[in-house]
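Residue numbers (the working numbering), protein chains in the order written: chain V, 407 to 518; chain X, 256 to 368. Read the structure below first, then the notes.
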Amino acid sequence: AQSVAQPEDQVNVAEGNPLTVKCTYSVSGNPYLFWYVQYPNRGLQFLLKYITGDNLVKGSYGFEAEFNKSQTSFHLKKPSALVSDSALYFCAVRPSGGTLTFGKGTMLLVSP
Amino acid sequence: DSGVTQTPKHLITATGQRVTLRCSPRSGDLSVYWYQQSLDQGLQFLIQYYNGEERAKGNILERFSAQQFPDLHSELNLSSLELGDSALYFCASSVEGQPYEQYFGPGTRLTVT
C-alpha cells in the first residue's frame, strides 16, 4: 500500500524568505504526486502535480516542487514566501490504477 | 471556486441519527470521490463513483453508503451516527483517468452530539 510522510507538522518562515515543505512517499511503480493547499474553512485547492518528465514542476501561486526518485521525495518550494501563503499543505500520491493517499499535512506560517 | 458544490455546509445532529450529504461535481467530471477529514485520522478516502458505478472503496464504514445519480450528483449517507463521526466531509471530482487532479468542494462539517 502507498503512503505519504510529511515530517514537519509546522514550518515557520519569514515573509520574503524561501520556503520548503517536505514530503516523502512510498508506492509501487511510478508515482503520480500532488500538492494541495487548504485555507481555513475551505476545501483543498490543487497546486501542482508530477506525472513524468522534468523533475521540477511549476504550479499555482509561484509554487514549485522537485521530484527526486532516488530519495522518494517531492518537496514543495517557493523562492519568496508571502504572508498569504500561510495555510495547511498536503502532499498526496496516487499509484497507477490506485486511489489518492494524502499525508497528514504541514501547517505553513509566514510571518510579516 | 473549484466548481464542486456541497450541501449543507454545516450539519448538527444527535447520535443514532441518519444524515445525507450532497455533492455536485464540476461540469463534465464523471468521477466523484468522498473524503473524511478529522484531526486524529487526517484526510481519509472513503469511496469513488464513476458515471454512476462504484469504482473504488477506501476506509468507509458499513454504516456509511454512497451513490451517484444519472445527473452525476452524489450523496453520502451516514447512519447510526456516533460521536466519532464528527468531521469534515469533502467531495471531489475529476475527469476520469489518471493522472488527472481532483477538485474539491468546500466540505460539509458534521457535528454529532
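Just so it is clear, CB atoms sit at the ideal spot from N, CA and C, and this is done for glycine as well.
{"Asked": "Which listed residue (448(V), 437(V) and 423(V)) has its alpha carbon closest to that of residue 358(X)", "Found": "448(V)"}
{"Asked": "Proximal residues, the stretch 284-306 of chain X versus chain V, C-beta separation under 7 Å", "Found": "297, 298, 300 and 303"}
{"Asked": "Any chain X beta carbon closer than 7 Å to residue 505(V)", "Found": "yes"}
{"Asked": "Given 8 Å, three or more beta-carbon pairs between the stretch 471-485 of chain V and the stretch 413-430 of chain V", "Found": "yes"}
{"Asked": "Contact list for residue 464(V) against chain X, beta-carbon separation under 7 Å", "Found": "Near residue 464(V) there are no residues of chain X at all, since even the closest Cβ is about 15 Å away, more than 7 Å."}
{"Asked": "Beta strand (DSSP E) runs wholly inside the stretch 312-353 of chain X, at least 3 long, in chain order", "Found": "319-323, 329-333 and 342-349"}
{"Asked": "Residue 462(V): first and last residue of the uninterrupted beta strand (DSSP E) it sits in", "Found": "462-464"}
{"Asked": "Interface flag, residue 342(X) vs chain V, CB-CB below 7 Å", "Found": "no"}
{"Asked": "Cα-Cα separation, residue 291(X) to residue 471(V)", "Found": "26 Å"}
{"Asked": "7 Å Cβ cutoff, residue 450(V) in contact with chain X", "Found": "yes"}
{"Asked": "Short Cβ contact (7 Å threshold) for residue 440(V) with residue 498(V)", "Found": "yes"}
{"Asked": "Anticipated Cβ contact below 8 Å, residue 319(X) with residue 333(X), distance rounded", "Found": "5 Å"}
{"Asked": "Limits of the unbroken beta strand (DSSP E) element including residue 492(V)", "Found": "Taken as a continuous stretch (DSSP letters only), residue 492(V) belongs to no beta strand (DSSP E), as it is neither H nor E."}
{"Asked": "Beta-carbon proximity list for residue 277(X), same chain, < 6 Å, skipping 5 on both sides", "Found": "262 and 330"}
{"Asked": "Reference residue 434(V), options 454(V), 417(V), 515(V) and 502(V), closest by Cα", "Found": "502(V)"}
{"Asked": "Opening and closing residue of the beta strand (DSSP E) in which residue 435(V) lies", "Found": "Premise fails: residue 435(V) is in no beta strand (DSSP E) and is neither H nor E."}
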